[in-house]
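In order, the protein sequences belong to chains A and B.
Going by this note's numbering, the first residue of the first sequence is number 1, and it counts up by one from there.
Going by this note's numbering, the first residue of the second sequence is number 205, and it counts up by one from there.
Worksheet for the structure shown next.
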Amino acid sequence: MVDMNNLNSILLDVLKELGNIGSGNAATALATMIDKKVDMRVPQVKILEFKDVGEILGDSETPVVGIYFKMSDEIEGNIMFVLDIDSALNLTNMLFGRSNSKNELDEMDMSALSEVGNILSASYINSLSALTGLKLKLSVPSICVDMAAAILSVPAVQFGHIGEHVIFIETQFEEDDRLITGDLFLIPEVDSFEKILSSLGVVG
Amino acid sequence: MEIVKVGMADFKVIKSTGILTTLGLGSCVGIALYDRINKVAGLAHIMLPSSTEIKNNSNKAKFADTAIQELVKEMILLGANKKYITAKLAGGSQMFSFDSNTDILRIGERNTLASKKKLQELDVPIVAEDTGGNYGRTIELNSQDGNLLIKTIGHGVKNI
Numbered sequence: 001m002v003d004m005n006n007l008n009s010i011l012l013d014v015l016k017e018l019g020n021i022g023s024g025n026a027a028t029a030l031a032t033m034i035d036k037k038v039d040m041r042v043p044q045v046k047i048l049e050f051k052d053v054g055e056i057l058g059d060s061e062t063p064v065v066g067i068y069f070k071m072s073d074e075i076e077g078n079i080m081f082v083l084d085i086d087s088a089l090n091l092t093n094m095l096f097g098r099s100n101s102k103n104e105l106d107e108m109d110m111s112a113l114s115e116v117g118n119i120l121s122a123s124y125i126n127s128l129s130a131l132t133g134l135k136l137k138l139s140v141p142s143i144c145v146d147m148a149a150a151i152l153s154v155p156a157v158q159f160g161h162i163g164e165h166v167i168f169i170e171t172q173f174e175e176d177d178r179l180i181t182g183d184l185f186l187i188p189e190v191d192s193f194e195k196i197l198s199s200l201g202v203v204g
Numbered sequence: 205m206e207i208v209k210v211g212m213a214d215f216k217v218i219k220s221t222g223i224l225t226t227l228g229l230g231s232c233v234g235i236a237l238y239d240r241i242n243k244v245a246g247l248a249h250i251m252l253p254s255s256t257e258i259k260n261n262s263n264k265a266k267f268a269d270t271a272i273q274e275l276v277k278e279m280i281l282l283g284a285n286k287k288y289i290t291a292k293l294a295g296g297s298q299m300f301s302f303d304s305n306t307d308i309l310r311i312g313e314r315n316t317l318a319s320k321k322k323l324q325e326l327d328v329p330i331v332a333e334d335t336g337g338n339y340g341r342t343i344e345l346n347s348q349d350g351n352l353l354i355k356t357i358g359h360g361v362k363n364i
């Protein structure tokens, strides 16, 4: 059993590397979609106490867009793509080729953002699946615009069933001129963590 | 006035004057208890309905059943009288929806029901409630008058 409160540095490196490869693919997909250069920051593996979850993206009450997916089959868990509102607007303006920037997300924008989330998450988990040899399925996206803390509480609650900490593998994307920043969180369930690690020959 | 933050899976008690706040409640439930006579306030931010369904249940603040019990105890230690304590509830929403109605996604509703059940068991009357929906809430419990301020994005501000 992997002790989530005592992950050693090798395990953290492995998780970080998984995030690296997965989000590298996702960054390429995003760059193709918007036809711009997209930078990716080195993924962070964050192990947090529940009480600190709200602040992971800065201010707990900042409105953000969350696009949430369930992973199932041989790896269970969630993937969430989170964008701040300005980034979401910039992204949809780019996707729809609008020159007059809007300041509110409409239904069409939400639908486009869901699709972007879908493509990013799918490219992320494809590399996870290729790397581990474990089968993975992704649910349809569900999108929500609300306070950062409320959105991040959803995956945190799932960790609540098994322990006292939350593990996020977080990657930040940046479009060339920093008009879009987004975070992609991979949130595997604990049993799946073990499967991923043993499939890579790290434990077990 | 002093503002005391209550994080996820956490609870705090204060005696007048001060404000207890929890930011961005989603499917979690905020249980605001107040003794109007002794002006003792307590706020819990619970994540899950029941400590008995789970092996790893050492954090009492995480579950509706154990958190409410502890909160009442702490309030009494701070000078509250059990018979004056009343409750207000907020949160318990469903932020994301999928076609399948799995337990995990109904967690907000289950958290609300479990909180009500525990309060009933302890004979603490619920005097106001703002639960459900699909949006987040920031809440502030004022220990001077027991008012619970609820702020949302796009669903207004109210005082219950």
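Ideal placement from N, C-alpha and C gives every residue a C-beta, glycine not left out.
As the structure is a computational prediction, the values presented were derived from the model and not from experiment.
Considering only their Cβ atoms, is the gap separating residue j from residue i smaller than 9 Å?
{"i": "L131/A", "j": "M71/A", "result": "no"}
{"i": "L252/B", "j": "G19/A", "result": "no"}
{"i": "S347/B", "j": "Y238/B", "result": "yes"}
{"i": "L186/A", "j": "G77/A", "result": "yes"}
{"i": "L227/B", "j": "A149/A", "result": "yes"}
{"i": "L224/B", "j": "E344/B", "result": "yes"}
{"i": "A268/B", "j": "N315/B", "result": "yes"}
{"i": "A29/A", "j": "I119/A", "result": "yes"}
{"i": "N260/B", "j": "E164/A", "result": "yes"}
{"i": "P43/A", "j": "T171/A", "result": "yes"}
{"i": "I79/A", "j": "I125/A", "result": "yes"}
{"i": "I34/A", "j": "L95/A", "result": "yes"}
{"i": "G117/A", "j": "P141/A", "result": "yes"}
{"i": "F215/B", "j": "E278/B", "result": "yes"}
{"i": "S121/A", "j": "F69/A", "result": "yes"}
{"i": "L134/A", "j": "K36/A", "result": "no"}
For residue i, tell me which candidate among the options has the shortest Cα-Cα distance.
{"i": "G24/A", "options": "V38/A, G163/A and L15/A", "result": "V38/A"}
{"i": "H249/B", "options": "L317/B, T221/B, R240/B and A271/B", "result": "A271/B"}
{"i": "D86/A", "options": "V45/A, E175/A and P43/A", "result": "E175/A"}
{"i": "V164/B", "options": "G340/B, A294/B, Y339/B and I357/B", "result": "Chain B is shown only over 205 to 364; residue 164/B falls outside these bounds and no answer can be derived."}
{"i": "G296/B", "options": "L317/B, M279/B, K277/B and I258/B", "result": "L317/B"}
{"i": "R41/A", "options": "K195/A, I169/A, T92/A and P188/A", "result": "I169/A"}
{"i": "N93/A", "options": "L105/A, V82/A and L83/A", "result": "L105/A"}
{"i": "V157/A", "options": "I10/A, P188/A and K36/A", "result": "P188/A"}
{"i": "M205/B", "options": "M212/B, E278/B and I218/B", "result": "I218/B"}
{"i": "A236/B", "options": "T335/B, N263/B, L281/B and G358/B", "result": "T335/B"}
{"i": "K51/A", "options": "N263/B, V244/B, S254/B and F302/B", "result": "N263/B"}
{"i": "F173/A", "options": "A88/A, V202/A and I75/A", "result": "A88/A"}
{"i": "E49/A", "options": "A265/B, E333/B, G340/B and V244/B", "result": "A265/B"}
{"i": "S255/B", "options": "V210/B, T221/B and K322/B", "result": "K322/B"}
Could you pull out every residue in the same chain whose Cβ sits closer than 8 Å to the Cβ of residue i, ignoring the five residues on either side in sequence?
{"i": "S127/A", "result": "I21, G22, G24 and N25"}
{"i": "L326/B", "result": "I272, Q273 and V276"}
{"i": "S60/A", "result": "G54, M147, A148 and A149"}
{"i": "I280/B", "result": "K286"}
In terms of residue numbering, what span does the beta strand (DSSP E) encompassing residue i cover?
{"i": "Y68/A", "result": "P63 to D73"}
{"i": "M212/B", "result": "Where M212/B is concerned, there is no enclosing beta strand (DSSP E), given that its DSSP letter is neither H nor E."}
{"i": "P188/A", "result": "T181 to P188"}
{"i": "F81/A", "result": "G77 to D84"}
{"i": "R341/B", "result": "R341 to N346"}
{"i": "G228/B", "result": "I223 to L229"}
Counting only beta-carbon atoms, is residue i nearer than 9 Å to chain A?
{"i": "G230/B", "result": "yes"}
{"i": "S254/B", "result": "no"}
{"i": "N338/B", "result": "yes"}
{"i": "T270/B", "result": "no"}
{"i": "M279/B", "result": "no"}
{"i": "T335/B", "result": "no"}
{"i": "R310/B", "result": "no"}
{"i": "L227/B", "result": "yes"}
{"i": "I357/B", "result": "yes"}
{"i": "A213/B", "result": "yes"}
Just to confirm my understanding: we take residue i, look at its own chain, exclude 5 residues before and 5 after, and list those with CB closer than 6 Å. What are they?
{"i": "K355/B", "result": "T342 and V361"}
{"i": "V328/B", "result": "I289 and A291"}
{"i": "I143/A", "result": "I67, M110 and S114"}
{"i": "G312/B", "result": "S231, G296, S297 and Q298"}
{"i": "I162/A", "result": "V190"}
{"i": "V45/A", "result": "L12, L15, K16 and I169"}
{"i": "N363/B", "result": "N351 and L353"}
{"i": "D167/A", "result": "Sequence inspection shows Ile at residue 167/A; the Asp mentioned does not correspond to that position. Here the set comprises I47."}
{"i": "V82/A", "result": "V64, G66 and D183"}
{"i": "G234/B", "result": "T226, H249, A294, G295 and I343"}
{"i": "E333/B", "result": "L293"}
Terminal residues of the continuous alpha helix (DSSP H) containing residue i?
{"i": "M117/A", "result": "In the sequence as presented, Met is not what sits at residue 117/A; that position holds Gly. Per DSSP, G117/A belongs to the alpha helix (DSSP H) from E107 to T132."}
{"i": "A291/B", "result": "From DSSP, A291/B is part of no alpha helix (DSSP H) but of the beta strand (DSSP E) over I289 to G295."}
{"i": "V154/A", "result": "A148 to G160"}
So, for residue i: in the same chain, excluding its five sequence neighbours on each side, which residues have a beta-carbon less than 7 Å away from its beta-carbon?
{"i": "N90/A", "result": "L179 and I180"}
{"i": "M212/B", "result": "C232, H249 and M251"}
{"i": "S220/B", "result": "K243, S347 and Q348"}
Any C-beta of chain B sitting closer than 9 Å to the C-beta of residue i?
{"i": "M1/A", "result": "Any reading at M1/A is ruled out, since the residue's pLDDT is 46, under 50, leaving its predicted position unreliable."}
{"i": "E164/A", "result": "yes"}
{"i": "K36/A", "result": "no"}
{"i": "F193/A", "result": "no"}
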